[in-house]
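K.L.:
Dropping the structure in here first, questions after.
4 protein chains.
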Amino acid sequence: MSRKIRYGMVGGGRGAFIGAVHRIAAAMDQQIELVCGAFSSSPRKSKASGRDLFLPAKRCYRTFEEMIEKEATLPADERMDFVAIVTPNHMHYPPAKMALENGFHVLSDKPATFNLKEAKSLGKIVKKTRLLYGLTHNYTGYPLVKEARDMIAAGKLGKIRKVVAEYPQGWLATHLEATGQKQADWRTDPKRSGAAGSIGDIGTHAENLAEYVTGLQIKELAADITTFVKGRKLDDDGNVLLRFKGGAKGVLHCSQISVGEENNINLRV
Amino acid sequence: MSRKIRYGMVGGGRGAFIGAVHRIAAAMDQQIELVCGAFSSSPRKSKASGRDLFLPAKRCYRTFEEMIEKEATLPADERMDFVAIVTPNHMHYPPAKMALENGFHVLSDKPATFNLKEAKSLGKIVKKTRLLYGLTHNYTGYPLVKEARDMIAAGKLGKIRKVVAEYPQGWLATHLEATGQKQADWRTDPKRSGAAGSIGDIGTHAENLAEYVTGLQIKELAADITTFVKGRKLDDDGNVLLRFKGGAKGVLHCSQISVGEENNINLRV
Amino acid sequence: MSRKIRYGMVGGGRGAFIGAVHRIAAAMDQQIELVCGAFSSSPRKSKASGRDLFLPAKRCYRTFEEMIEKEATLPADERMDFVAIVTPNHMHYPPAKMALENGFHVLSDKPATFNLKEAKSLGKIVKKTRLLYGLTHNYTGYPLVKEARDMIAAGKLGKIRKVVAEYPQGWLATHLEATGQKQADWRTDPKRSGAAGSIGDIGTHAENLAEYVTGLQIKELAADITTFVKGRKLDDDGNVLLRFKGGAKGVLHCSQISVGEENNINLRV
Amino acid sequence: MSRKIRYGMVGGGRGAFIGAVHRIAAAMDQQIELVCGAFSSSPRKSKASGRDLFLPAKRCYRTFEEMIEKEATLPADERMDFVAIVTPNHMHYPPAKMALENGFHVLSDKPATFNLKEAKSLGKIVKKTRLLYGLTHNYTGYPLVKEARDMIAAGKLGKIRKVVAEYPQGWLATHLEATGQKQADWRTDPKRSGAAGSIGDIGTHAENLAEYVTGLQIKELAADITTFVKGRKLDDDGNVLLRFKGGAKGVLHCSQISVGEENNINLRV
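Chains A, B, C and D, in that order, give the protein sequences.
Here the first sequence stands for residues 1 to 269, numbered as in our numbering.
Here the second sequence stands for residues 1001 to 1269, numbered as in our numbering.
Here the third sequence stands for residues 2001 to 2269, numbered as in our numbering.
Here the fourth sequence stands for residues 3001 to 3269, numbered as in our numbering.
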């Protein structure tokens, strides 16, 4: 490849959190460049957000539908190569589906979709279009994590017997969503976040790390999920016993109500 | 009290581990002095162990029965005040019972007895004799632990919602008992250790710390207990989901097969 | 400003170390873009390095002289705004001088020049051209460092009495330059590095941090500079007693022969 | 030896700091027992302090002179074997001299004496009496420190080139002695502490550790000693450049005015 790869972003406008993180990560390697976007469900905010990023006005689209349609008509040496999706959970599937069906690769923030039905549908589309579909679990990107995975794969720690995965956060220890804070608002709303609260938002990261680093797959689990904060609709704490294929055992716990926030994974042979 | 308190020790002779720790702990405050002992199930080793400690020969007894009998006949300003029991688990109850019945207070290493039947019997004896009976859980002795308990009791951390208690050890990651190592030998033997392996030996410390520090009581639990090392008769790993009275949830896990040994208790509000 | 700022780089080609770090730092904010460069003293390597970065061939120049000349002829909405200099020390002054004299701002890696004479000359040019000249000391860019500076400036730590600044490195503990390693080679060569070895390379960072964070200025010092590795021409270790204006005292020590590399600054009131 | 070693203590009564530490350290090994003492310059406080320690009244002496005289007349299987001296610095020499001259070994807290003249005199007495004289530098007692010394002696770290020894304390950051605090009072008083403040009190520990662990001897030094707190007569901060025999270089700094107290020794090859 003798040029940078070009991408368009869906979500990540003014006031968003994870979109800017994705843009920084993409910029660091200097192999990828942002060329267009539909940064917000508000067309006006989308346009303004694009200006903040020094994009030409004509490539700051009002909606993701418009972006995908217009980009598909541009010459091959100009149009985006892939779409990066960084919207709240309920808006992952629609742009992914449309992008794939119009010939664009997709890199989506996790979870892939809002529910199981959408996930199955998406799987079929990816297969049919033969395009690339990537799901980002950011922690697996750290060199340290990759090194750990390689050490275990090479057998340097022997057979893995016990896995302890933790992801405690404390930012939702109070009823933050009642104050209108944007991140708390959608992450605790079943209509936008999905069926799971802390388990879906961060427990998945702990699970992903545990499986990614050890190369093991969870076979059985017993979970005790709790909503501690009154008035909240989704869980804000979870404790899980794990059994892996091959006999390893483990514990996974995550929390949004633990004062002090960290991400630790501990593996013991 | 204008004199040091005098004690006799059962167990803790040459080759033992925890007895010497108890003697150091007792010595540090300089309020208690060791005056006699039956340090081993081998009369000869008991005598020799007493000499190591500079005790007069006549107060190094061959058996705990002899010690309790003889000490009971000494004048009040000379005989021991209490018996410290630091033997393997199956030998906790017999000397405790006999000491109490002969008028001596008892300070026993945990567990109090080998099984539930003995425990109930011991409870009756303590009540009847009105003597002091203490059970040592060493971790509760640390100033830091007491400070944590006081802070929670004073409400400084608010209402406790989540408790994570961990006690990973790695010393039994291999079949150490097959080498004849004394500590591994009795701790993995159901006849001397009791029905529980890692859960009884160290899980109890994690449980004790969790309840001691938070002031909460465990109401329900779900445990996944495993024996990883082939040929071992007792569990060497345990993962437990906890529910406390009052609504707090938690996780407790302990292990004797985790390379790297630590004791951590984490409490989150 | 409704567009990204454009820069050209001098140095930082294949095999270089600090140039790539500067490009990553510049990319993270996504406010600045690299548009051209003279990446190496070898015209061929310069061209190849530019291709690695997806620059158009015509803006990968053979020499910094060519870059400055050609860029000056480009239309204002296309040519670079400033020159970033990331060459070995003896090549800081020549491109800085030429860039300024041709109307370009300059951002140079430290030290500003190879010796005092060049530094005075450069000072005059900057004054005369009224262009911006920046010298990068990377550690001052960390948010934590800025926070520390602000806390002290706000008087939160009271009057500063003692400053301990340390910068131990271990990479030159052996005669690495004899192996031809590029970084070791020029950093230990008085013709390219200047009069100072470890003191100039890293002691300056410790000094910069100490003065930057405390807001104090060094008034007097007593230094004990050593070359430990046989055959090396510049110092690889330095210990310095510091006296600051206003009465604070301190210690600064740096080393390239200390196994284990870290950068610590400790301030005590 | 088939019995515990017996000692008498000079100093360390109610309100003292280091005496109790010495008693705990002595008790931990259970090889040494305290049998008598002259715990205070106040005869009344000395008696009361002895009672606190459960010593028989007749062996709680009013003065160290009385203790040494009386103990010398007791039968050999009863009298103390050695004298432990834990008084302020100006009272180290007198009891040490008298004890040695009356046939008792001596274990003294550092410094050995108040000034050079006393030190020379003491040296002669020790030589003449052929009794044991020990000077306690507590940090050398830690297993970790001994391990470090052994590693270096065995050449595992190669030739030592650089030594950094630090002992920052913060307890005298304010004019604490003006409040009558007993420890601050004598440690900042040239009549009782001697010619050196922080350098004598804690700098000596850093120096002792540096020489003890490396096995090197300081050959030359340049020191910058400061008294930061107004009205204080002795130094409360010191920064020192070190040159060791054999070519190693180093830095030692100690302080009583650094908020946060620690003891760190760092060695780099």
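Ideal Cβ placement from N, Cα and C applies to all residues, glycine included.
What is the rounded straight-line gap between the Cα of residue 1179 of chain B and the Cα of residue 1088 of chain B?
P.N.:
Each residue's CA atom was taken as its position, placing residue 1179 of chain B and residue 1088 of chain B some 19 Å apart.
K.L.:
Should residue 2261 of chain C be labelled buried (16 or more other beta-carbon atoms within 10 Å of its own) or exposed?
P.N.:
Model confidence at residue 2261 of chain C stands at a pLDDT of 43, short of 50, so the residue's coordinates are unreliable; what they give is reported in the following sentence. Result: exposed.
K.L.:
To the nearest whole angstrom, what separates the beta carbons of residue 1137 of chain B and residue 1110 of chain B, a pair I think is in contact under 8 Å?
P.N.:
6 Å
K.L.:
With DSSP run on the structure shown, which of helix, strand or coil describes residue 2105 of chain C?
P.N.:
If DSSP states are grouped into helix, strand and coil, residue 2105 of chain C belongs with the strands.
K.L.:
Does the distance from the C-beta atom of residue 2199 of chain C to that of residue 2235 of chain C stay below 8 Å?
P.N.:
yes
K.L.:
Per DSSP, residue 2251 of chain C forms a beta bridge with which residues?
P.N.:
Its beta-bridge partners are C/2164, C/2241.
K.L.:
Under 8 Å between the Cβ atoms of residue 2129 of chain C and residue 2100 of chain C?
P.N.:
Annotated as proximal: residue 2129 of chain C and residue 2100 of chain C, with beta-carbon spacing under 8 Å.
K.L.:
Using only alpha-carbon positions, find the residue among D/3021, D/3019, D/3008, D/3116 that is nearest to residue 3066 of chain D.
P.N.:
D/3008
K.L.:
Quick one: which chain B residues come within Cβ less than 7 Å of residue 3024 of chain D?
P.N.:
1028
K.L.:
Can you list, in chain order, the residues of its chain whose CB lies under 8 Å from that of residue 14 of chain A, leaving out five sequence neighbours each side?
P.N.:
39, 40, 45, 48, 49, 52
K.L.:
Using only alpha-carbon positions, find the residue among A/114, A/80, A/152, A/5 that is nearest to residue 190 of chain A.
P.N.:
A/114
K.L.:
Of all the alpha helix (DSSP H) runs that stay within the bounds of the segment 2076-2106 of chain C, which reach a length of 4 or more residues?
P.N.:
As far as the segment 2076-2106 of chain C is concerned, its whole alpha helix (DSSP H) runs of at least 4 residues are 2093-2101.
K.L.:
With DSSP as the reference, label residue 2257 of chain C as helix, strand or coil.
P.N.:
coil
K.L.:
So which of A/201, A/195, A/168 has the shortest CA-CA distance to residue 184 of chain A?
P.N.:
A/201
K.L.:
Does DSSP put residue 37 of chain A in a helix, in a strand, or in coil?
P.N.:
Correct three-state label for residue 37 of chain A: strand.
K.L.:
Please report whether the beta-carbon of residue 3003 of chain D lies at a distance below 8 Å from any beta-carbon of chain B.
P.N.:
yes
K.L.:
Considering only residues of the same chain and omitting the five flanking positions on each side of residue 3152 of chain D, which have a CB-CB separation below 8 Å?
P.N.:
3160, 3213, 3214, 3215, 3267
K.L.:
Should residue 1085 of chain B be labelled buried (16 or more other beta-carbon atoms within 10 Å of its own) or exposed?
P.N.:
buried
K.L.:
Report buried or exposed for residue 3116 of chain D, applying the criterion of at least 16 other Cβ atoms within 10 angstroms of its Cβ.
P.N.:
By the Cβ neighbour-count rule, residue 3116 of chain D is exposed, with fewer than 16 other Cβ atoms within 10 Å of its own.
K.L.:
Measure from the C-beta of residue 2214 of chain C to each C-beta in chain D and report whether the shortest distance is under 8 Å.
P.N.:
no
K.L.:
Mind listing the chain B neighbours of residue 3053 of chain D? Cutoff is C-beta to C-beta under 8 Å, in chain order.
P.N.:
1030
K.L.:
In the segment 2217-2229 of chain C, which residues sit with their C-beta less than 7 Å from some C-beta in chain D, listed in chain order?
P.N.:
2222, 2224, 2226, 2228
K.L.:
Using only the alpha-carbon positions, how far apart do residue 3250 of chain D and residue 30 of chain A sit?
P.N.:
44 Å
K.L.:
Let's test the definition: count the other Cβ atoms within 10 Å of the Cβ of residue 166 of chain A and tell me whether it reaches 16, buried, or not, exposed.
P.N.:
buried
K.L.:
In or out: residue 3150 of chain D buried (at least 16 other Cβ within 10 Å) or exposed?
P.N.:
Label assigned to residue 3150 of chain D: exposed.
K.L.:
Would you call the CB atoms of residue 3108 of chain D and residue 3168 of chain D closer than 8 Å?
P.N.:
Contact flag unset, no.
K.L.:
Which value, in whole angstroms, describes the spacing of the CA atoms of residue 3060 of chain D and residue 3036 of chain D?
P.N.:
6 Å
K.L.:
What residues in the segment 149-166 of chain A bring their beta carbon closer than 7 Å to a beta carbon of chain B?
P.N.:
161, 162, 164
K.L.:
Measure the alpha-carbon distance for residue 2139 of chain C versus residue 2156 of chain C and round it to whole angstroms.
P.N.:
22 Å
K.L.:
Let me know the secondary structure DSSP gives residue 2015 of chain C once reduced to three states.
P.N.:
coil
K.L.:
Nearest to residue 3173 of chain D by CA position, among D/3226, D/3144, D/3207, is which residue?
P.N.:
D/3226
K.L.:
Taking the beta carbon of residue 1003 of chain B as the centre, do at least 16 other beta carbons fall within 10 Å, making it buried, or is it exposed?
P.N.:
exposed
K.L.:
Does any C-beta atom of chain D lie closer than 8 Å to the C-beta of residue 2146 of chain C?
P.N.:
no
K.L.:
What residues from chain A crowd round residue 1253 of chain B, counting only those whose CB sits closer than 7 Å?
P.N.:
164, 251
K.L.:
Name the DSSP bridge partner or partners of residue 3220 of chain D?
P.N.:
D/3243
K.L.:
Would you kindly report the start and end of the unbroken alpha helix (DSSP H) that includes residue 214 of chain A?
P.N.:
204-214
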